[in-house]
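First residue of the sequence shown: 0, per numbering that gives the first Met the number 0; consecutive thereafter. Here is the structure we will look at, set down as structure tokens.
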Amino acid sequence: MFSKLLTLAPRSAMRTATVLHIEPLAPQIRLLRLGGPELIGFTADPGQKVKLRLSCGAKASYTPARVNPDAGWLDVVFHLHGNDGPLASWAAEARSGAQVSVLGPARSMAGPTGDEAWAIFLGDETTLGLAVALIDALPPEASILGALELAPGDVVAADRLRLPLPTIAREGGYGDVLRAWLADTEIPSGPGVVWLSGHAGTVVSLRQALLGRGVPRSLIKVKAYWSDHGHTHRKMLERTHLGA
Numbered sequence: 000m001f002s003k004l005l006t007l008a009p010r011s012a013m014r015t016a017t018v019l020h021i022e023p024l025a026p027q028i029r030l031l032r033l034g035g036p037e038l039i040g041f042t043a044d045p046g047q048k049v050k051l052r053l054s055c056g057a058k059a060s061y062t063p064a065r066v067n068p069d070a071g072w073l074d075v076v077f078h079l080h081g082n083d084g085p086l087a088s089w090a091a092e093a094r095s096g097a098q099v100s101v102l103g104p105a106r107s108m109a110g111p112t113g114d115e116a117w118a119i120f121l122g123d124e125t126t127l128g129l130a131v132a133l134i135d136a137l138p139p140e141a142s143i144l145g146a147l148e149l150a151p152g153d154v155v156a157a158d159r160l161r162l163p164l165p166t167i168a169r170e171g172g173y174g175d176v177l178r179a180w181l182a183d184t185e186i187p188s189g190p191g192v193v194w195l196s197g198h199a200g201t202v203v204s205l206r207q208a209l210l211g212r213g214v215p216r217s218l219i220k221v222k223a224y225w226s227d228h229g230h231t232h233r234k235m236l237e238r239t240h241l242g243a
């Protein structure tokens, strides 16, 4: 797709990417395919994040949903009314040909080991790209359980991403429907993994519920993306309740 005459950049270098394709997934969720010669050979392990940086200096981290190092592109899912400020606004208005810098990848959520007989994923609007990356990397025979809590108008996004998870329209407070789903679900036995991500308070409460049911800590992987009380509150919860 792009000439490979350019010397490939180091794995952690800053790369310039261009918006190649735009796909509206729901009223407040948009997928952008970012690519270009500098992304040829770029790889990211499932669950790793990249940092996107605008020319004005604004930046935010995202987990690529899918990466194609041969063609030189990666897909990023944006929640347009999220807490990423200028990046969310840029994604809402971006047109083909717009440019952004890509830095990374870096560690974020632990991905699958390849030994999982089952996996549970619980998340929200901010974790759709992460869900795609992790679920795509599971062994084909693994049983996939979980749910996504989305705003009522955005529940179609998971189907358009071909995610094999039920989407539940948010009712009440953040995480209420996910806590109800977990309370009604039997945790499988054998080797597996539970991924919890998204709203910080929800992640904390789901993790506590799983531990209370005897699920080993080693099976529970967490990444709080945001808090309705701000960045400082999210970091505090990570330190005090999530072992970050």
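We treat Cβ as the ideally placed atom computed from N, Cα and C, and that holds for glycine.
- Annotated three-state conformation of Arg206 is helix, per DSSP.
- Contact between Ala157 and Leu127 holds, with the beta-carbon distance rounding to 7 Å and staying under 8 Å.
- DSSP places Thr126 in the helix class (H, G or I) of the three-state scheme.
- According to DSSP, residue pairing for Trp194 in a beta bridge involves Phe120 and Lys220.
- Ser142 has Trp117 as its beta-bridge partners, per DSSP.
- With respect to the 8 Å criterion, Trp180 and Ala146 are classified as neighbours on the basis of their beta carbons.
- Residue pairing by DSSP puts Ser100 in a beta bridge opposite Thr15 and Arg52.
- About 23 Å separates the Cβ atoms of Asp135 and His198, ruling out a contact at the 8 Å cut-off.
- When DSSP states are grouped into helix, strand and coil, Ser60 belongs to the strand group.
- Assignment of Val214 by DSSP, reduced to helix, strand and coil, places it in the coil class.
- In the structure shown, the three-state DSSP call for Ile186 is coil.
- By the neighbour-count criterion, in which a residue is buried when 16 or more other Cβ atoms sit within 10 angstroms of its Cβ, Met108 is buried.
- Per DSSP, the unbroken alpha helix (DSSP H) holding Asp158 starts and ends at Val155 to Arg159.
- When secondary structure is reduced to three states using DSSP, Glu170 falls in the coil class, being assigned neither helix nor strand.
- In the displayed model, Ile39 falls within coil according to three-state DSSP, outside both helix and strand.
- DSSP, reduced to helix, strand and coil, places Arg178 within a helical segment of the structure shown.
- Per the C-alpha coordinates, the member of Gly103, Ile143 and Val101 positioned closest to Phe120 is Ile143.
- In this model, Pro190 and Leu86 are separated by some 38 Å (Cα to Cα).
- Counting along the chain, Leu86 sits inside the alpha helix (DSSP H) bounded by residues Pro85 to Glu92.
- DSSP places Asp69 in no beta strand (DSSP E); its state is neither H nor E.
- Separation of Lys220 and Val192 (C-alpha to C-alpha, rounded to the nearest whole angstrom) is 7 Å.
- Looking at Ser196, Gly213, Lys58 and Ser100, the one whose alpha-carbon comes closest to that of Lys222 is Ser196.
- Per DSSP, the unbroken beta strand (DSSP E) holding Gly34 starts and ends at Ile28 to Gly34.
- Put simply, the backbone Cα of Gly211 is about 14 Å away from that of Thr184.
- With fewer than 16 other beta carbons inside 10 angstroms of its own, Glu170 counts as exposed.
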